[in-house]
Amino acid sequence: MKLAAYRSPKQALPDLLNWAALIEADVILNKDGSLLAGFAYRGHDLGTASAAERNQTAAVVNAALASLGTGWLVHVDARRVAAARYPAAADSHFPDPVTALLDAERRARFAGAGYYVTDYVLWLTWLPPALVQGKVVDLLIDDGGFSTGIHQEQLVDQFRQLVDVVADRLNAVLELVRLQEDALLTVLHGTLTGLSHPVRVPAVAMYLDAVIGGHDFWSGFNPRLDERYLQVVAIEGFPSDSYPGVLAALDSLPLAYRWNTRFILQDAADAQGRLRAYRRQWSQKVRGFVSQVFKTNSGTIDLDALEMVENAEQAMAEASSGLVRYGYYTAVILLMDTDPEQLERSARDVRRLINNLGFVARVETVNAVEAWLGSLPGHGVQNVRRPMMHTLNLGHLLPLSAVWAGRDQAPCPFYPAPSPPLMVVATEGSTPFRLNLHVGDLGHTLMIGPTGSGKSTALALLAAQFRRYAGATVFAFDKGRSLLPLSLAVGGQHFNITGHDEAENSLKFAPLARIDDPWWLGKAEDWLQGLFELQELTLTAGQRTELHRALLALREGRGEKTLSDLRITVQDQAMKEALEPYTHSGSMGELLDVADDGLALSHWACFEIEELMNRHDRVRLPVLLYLFAVIERSLTGQPALLILDEAWLMLGHAVFRQKLREWLKVLRKANCAVIVATQSLSDAAGSGILDVLTESCPTKLFLANPEAGSELNQPLYRNMGLTDAEIQAIAGMTPKREYFVKGEGKRIVNFEIGPVGLAFVGRSDPESLASVTALHAAHGADFPFLWLQHEGIAYEHLL
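In terms of our numbering, the numbers along the sequence shown are unbroken and rise by one, the last being 974.
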């Protein structure tokens, strides 16, 4: 049977690809005998970095790549893809219609906005020396016999060692993850096709060109892969100088693309030979033809040619120094779309942006297929640009800064997996930001910003979005009733701590009412010791014993368990005198000397403390610490959020500073995140407690502050770990719109609050609070939607 009739001599897509076999979990053997390895990587977010930080990053990359030479090929891909969808309603567990409606508004806002994220991959290819290339069969066959050639294991070991050296150096400025097996083939397939689906390693890990390249491909001026057309935008001309991140604006484009950078490295000797040829060519143009023939020094000098000769000589010196490596740089942006007209518009947008950056870009036509093939990892012979460049300039042109978009799932291990991020917000360009307060299992957060910069609105929005987690509990210490509209809307508790009987929802406290519970007995003893210290009475060992005896006697008795009863029971005169101000016969008994406060906290409890804050430490500190104990006792491991708006400044008292540190650790173990907020950084620094909070709060939210760079404020911000560039960024932000988040990364974000959200989280003026209170009193649970109608806000389309 003649098979020739059934075989086509025409090339298919696999014939154009260089990939052959997966010979190790993380190493691919190419058809030309070269070896290929890949890393997924992310650079630090340098959006608010100083020039020195950016230069340092480029210098580290230069040092890493300068260790390579002839035979090495570097591909860097920045692949921009559509961002993961906004968390679906089914993924969240909002227990009330208002916060569910607020989230629906945010979903509608972000789902149709066209947001994208960028993934980064580094590919390293090594073509062994010519002697090894002559015995490439040794890479495929090892018959166990004697051979003078270098075998597969030696080559692969040598390749991995060199790759590890490069990776170790790059790890100083990049986060690298080695691609292996399925992940390696999946990323390689996505690089070729633009698709994002898993590719499994076949049982026999050979013929990768067919495994990955099993697609229909049409070449020509307008190539097509399957049903998607392909266009290539090539970067050709360069500006007169470069700087780190010169092409970073590509990361703001609201479209999908793959930006590929290829660099073919040369040894110093090879680079000098080519640079010498450039120098010779330009030297011949320095003087005219007659001067060259007769070897005279007369005639006009071509100053441009003379400058190029000097540049070539400087380049030769740089290549000889070994501080940089020269090579051939090629950069293209690849776009794919099923609609050729849309593809052409996208290509024009990319070309326009690159041209505006001072480069020269063009859309490939006759060279489109070659340019596309040259962008594929392991392909080094197609589309080679001849002018040479060194690795330090390459560091300026590579995508080394990644827009920090946050984690797409809540990182707290105590939440059921997978839990959505706390909130999706906007950031620079078209990249969404997934805001999480947690770094690992620690969610404590410090929020700092001046009056009028949006602190109250931000706190309310964070509290509303936190209710997306099943069983979530929110506790808040509010100042100025800014959380009142949201508290009433979600059916939560809102208490006024005033000490006046006539005040609505005013609380009185019974700190000893629960001492029948051993846990509360211990808490009461600690609380009372702090109370004595506020009265400047440091208990002796005997007095501590007497306090314990008195509490046990009070517990066993049948009467009421109040501070007045404790004062009668205790036998020490000094302790009696210290307790008297907190009984009905003293000035503070109105708040703390009742038999039963009936305080049972629900899923949402907000305490208005503005009046309490105007009182002395001897009053407000015992009240706060008792409430903290009530909150701590209500924590059973459910997701919990505690908001302290200015209240934490009270705890700057020396008596309780160490207790706060311990208490934050207790809440961490109980799965409770704490947000501490203040309007005055100088007051916070003067309280003596800022160091504790800076240490205990890995996430920090800085509000816009035009005075951040002032002589007074700049040292305070520096003490919180901010650089001068970050401080200037805070000074330049828009109040009530932009926030600087610093946690696992750093990024300026915009909360993008819609009218429905603002109606509940952004209304704290007296008129709005009066209207909300009146509507709630008249209509109860129906008031939220009547409030929206009152404000003329359409919401029906979100239901």
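For each residue, glycine too, the CB sits at the ideal point set by N, CA and C.
Checklist entry - Short check: CB of C847 to CB of L876, under 7 Å? => result Along the sequence shown, one-based indexing puts residue 847 at 672. Along the sequence shown, one-based indexing puts residue 876 at 701. In this structure, L876 does not lie closer than 7 Å to C847 by Cβ.
Checklist entry - Where DSSP assigns a beta bridge to G218, which residues make up the other side? => result Within the sequence shown, residue 218 is the residue found at index 43, counting from 1. Answer is L349, bridged to G218.
Next on the checklist: Can you tell me whether Q813 is helix, strand or coil according to DSSP?
Outcome noted: Taking the first residue of the sequence shown as 1, we reach residue 813 at position 638. Correct three-state label for Q813: coil.
Next on the checklist: If contact is defined by three or more beta carbon pairs under 8 Å, each pair taking one atom from either stretch, is the segment 905-919 in contact with the segment 252-269?
Outcome noted: no
Item to check | DSSP three-state assignment for I316, whether helix, strand or coil | outcome: Position 141 of the sequence shown, counted from the start, is the residue given in the question as residue 316. Residue confidence is low: I316 scores 49 on pLDDT, short of 50, so the model does not pin down where it sits. Its coordinate-derived value is still stated next. Here I316 sits in coil by DSSP.
Checklist entry - Is P552 closer than 7 Å to D384 when the C-beta atoms are compared? => result Taking the sequence shown and counting its residues from 1, the one referred to as residue 384 is at position 209. Taking the sequence shown and counting its residues from 1, the one referred to as residue 552 is at position 377. For D384 and P552, no; Cβs fall outside 7 Å.
Item to check | Inter-residue Cα distance where the pair is L351 and R281 | outcome: Residue mapping note: residue 351 aligns to position 176 of the sequence shown, counting from 1. Residue mapping note: residue 281 aligns to position 106 of the sequence shown, counting from 1. Going from the Cα of L351 to the Cα of R281 covers about 33 Å.
Checklist entry - Thinking C-alpha only, which one of P693, I902 and A749 is nearest T713? => result As a first step, residue 713 must be located in the sequence shown, where it is residue number 538. Per the Cα distances, A749.
Checklist entry - Should the segment 222-237 be called in touch with the segment 337-351, which here means at least 3 C-beta pairs below 8 Å? => result yes
Checklist entry - Which residue comes first and which comes last in the alpha helix (DSSP H) that contains P270? => result Working through the sequence shown from its first residue, we reach residue 270 at position 95. Note, P270: premise wrong, no alpha helix (DSSP H); not H, not E.
Next on the checklist: Do Y501 and H554 have their beta-carbon atoms positioned less than 7 Å apart in this structure?
Outcome noted: Here residue 554 is taken as the residue at index 379 of the sequence shown, counted from 1. Here residue 501 is taken as the residue at index 326 of the sequence shown, counted from 1. Cβ atoms of H554 and Y501: not closer than 7 Å.
Checklist entry - Buried or exposed: which applies to L961, given that a residue is buried once 16 or more other Cβ atoms fall within 10 Å of its Cβ? => result Position 786 of the sequence shown, counting from 1, holds the residue named residue 961. So L961 ends up on the exposed side.
Checklist entry - Where does W547 fall in DSSP's three states? => result The count along the sequence shown starts at 1 and reaches residue 547 at position 372. Helix, per DSSP.
Next on the checklist: One question on the structure: do W434 and I508 come within less than 7 Å of each other, judged by their Cβ atoms?
Outcome noted: In the sequence shown, residue 434 corresponds to position 259, counting from 1. In the sequence shown, residue 508 corresponds to position 333, counting from 1. In this structure, I508 lies closer than 7 Å to W434 by Cβ.
Next on the checklist: I'd like the list of long-range same chain contacts for F438, defined as Cβ closer than 6 Å, with 5 residues on each side in sequence excluded.
Outcome noted: As a first step, residue 438 is located in the sequence shown; it is residue number 263 there, counting from the start. Around F438: V249, G502, Y504 and L569.
Checklist entry - Under the three-state reduction of DSSP, which class applies to F469: helix, strand or coil? => result Translated into positions along the sequence shown, residue 469 becomes position 294. Reliability fails at F469, whose pLDDT of 45 lies under 50, so the model's placement of it is uncertain and the value that follows must be treated cautiously. F469 falls in the helix class under three-state DSSP.
Checklist entry - Considering only C-alpha positions, which residue in the set Q854, L974, D692 and A969 is nearest to S628? => result The count along the sequence shown starts at 1 and reaches residue 628 at position 453. Comparing Cα positions, the closest option is Q854.
Item to check | Sheet register partners of A601 (DSSP bridge) | outcome: On the sequence shown, position 426 is the one that residue 601 refers to. Its beta-bridge partners are P607 and N925.
Checklist entry - Can you tell me the Cα-Cα spacing of Q584 and R795, whole angstroms? => result To locate residue 584, count along the sequence shown from 1; it is residue 409. To locate residue 795, count along the sequence shown from 1; it is residue 620. Their backbone Cα atoms lie some 39 Å apart in a straight line.
Next on the checklist: On a Cα-Cα basis, can you pick out the residue from Y644, S521 and V374 that is closest to H268?
Outcome noted: Taking the sequence shown and counting its residues from 1, the one referred to as residue 268 is at position 93. When only C-alpha atoms are compared, the closest one is Y644.
Checklist entry - Can you list the alpha helix (DSSP H) stretches of 4 or more residues lying completely in the segment 923-964, in chain order? => result 930-936 and 941-954
Item to check | Limits of the beta strand (DSSP E) - the one that M511 falls within | outcome: Taking the sequence shown and counting its residues from 1, the one referred to as residue 511 is at position 336. Element bounds for M511: Y501 to D512.
Checklist entry - So L842 packs on V849, CB below 8 Å; how close in whole Å? => result Against the sequence shown, residue 842 aligns to sequence position 667. Against the sequence shown, residue 849 aligns to sequence position 674. Contact holds; Cβ gap of about 6 Å.
Next on the checklist: Taking the beta strand (DSSP E) that D207 belongs to, which residues open and close that run?
Outcome noted: Counting from one through the sequence shown, the residue named residue 207 turns up at place 32. Premise fails: D207 is in no beta strand (DSSP E) and is neither H nor E.
Checklist entry - Given 8 Å as the limit, is there contact between the segment 268-278 and the segment 938-948, that is, 3 or more CB pairs closer than that? => result no
Next on the checklist: I'd like to check one pair, L816 with H936: are the Cβ atoms closer than 7 Å?
Outcome noted: Here residue 936 refers to the residue found at position 761 when the sequence shown is read from its first residue. Here residue 816 refers to the residue found at position 641 when the sequence shown is read from its first residue. The question names His, yet the displayed sequence has Val at residue 936. Against a cut-off of 7 Å, the Cβ pair of L816 and V936 comes out as no contact.
Next on the checklist: Counting beta carbon pairs with one atom in the segment 925-933 and one in the segment 943-951, are three or more of them shorter than 8 Å?
Outcome noted: no
Checklist entry - At what residues does the alpha helix (DSSP H) containing I623 begin and finish? => result Along the sequence shown, read from residue 1 onward, the residue named residue 623 stands at position 448. Run containing I623: none in the alpha helix (DSSP H); it sits in the beta strand (DSSP E), T620 to I623.
Next on the checklist: Rounding to the nearest angstrom, what Cα-Cα distance links L315 and V556 in this structure?
Outcome noted: If you number the sequence shown from 1, residue 315 lands on position 140. If you number the sequence shown from 1, residue 556 lands on position 381. Only weak support is given to the placement of L315: the predicted model assigns it a pLDDT of 49, under 50, and the value that follows is read from those uncertain coordinates. Rounded to whole angstroms, L315 to V556 spans 23 Å at the Cα level.
Checklist entry - How many angstroms separate the CA atom of G955 from the CA atom of L659? => result Residue 955 sits at position 780 when you count from the first residue of the sequence shown. Residue 659 sits at position 484 when you count from the first residue of the sequence shown. The alpha-carbon atoms of G955 and L659 are separated by roughly 14 Å.
Next on the checklist: In the DSSP output, which residue or residues are listed as bridge partners for V235?
Outcome noted: Here residue 235 corresponds to residue number 60 of the sequence shown, with the count starting at 1. Per DSSP, none; premise fails for V235.
Checklist entry - Can you tell which of L617, P881 and R609 has the C-alpha that lies nearest to the C-alpha of E927? => result Within the sequence shown, the letter at position 752 stands for residue 927. Answer by Cα proximity: R609.
Next on the checklist: Excluding the 5 residues flanking L370 on each side, which residues of the same chain have their C-beta closer than 8 Å to its C-beta?
Outcome noted: In the sequence shown, residue 370 corresponds to position 195, counting from 1. Cβ neighbours of L370 beyond the five flanking positions: H364.
Checklist entry - In terms of alpha-carbon separation, which member of L360, I968, A879 and S427 lies closest to M622? => result By 1-based counting over the sequence shown, the position of residue 622 is 447. With distances taken between Cα atoms, M622 lies closest to A879.
Item to check | Where the beta strand (DSSP E) through Q854 begins and ends | outcome: The count along the sequence shown starts at 1 and reaches residue 854 at position 679. Neither: Q854 is in no beta strand (DSSP E) and is coded neither H nor E.
Next on the checklist: I'd like to confirm the pairing. Which residues does DSSP put opposite I850 in its beta bridges?
Outcome noted: As a first step, residue 850 must be located in the sequence shown, where it is residue number 675. I850 pairs with T620 and I818.
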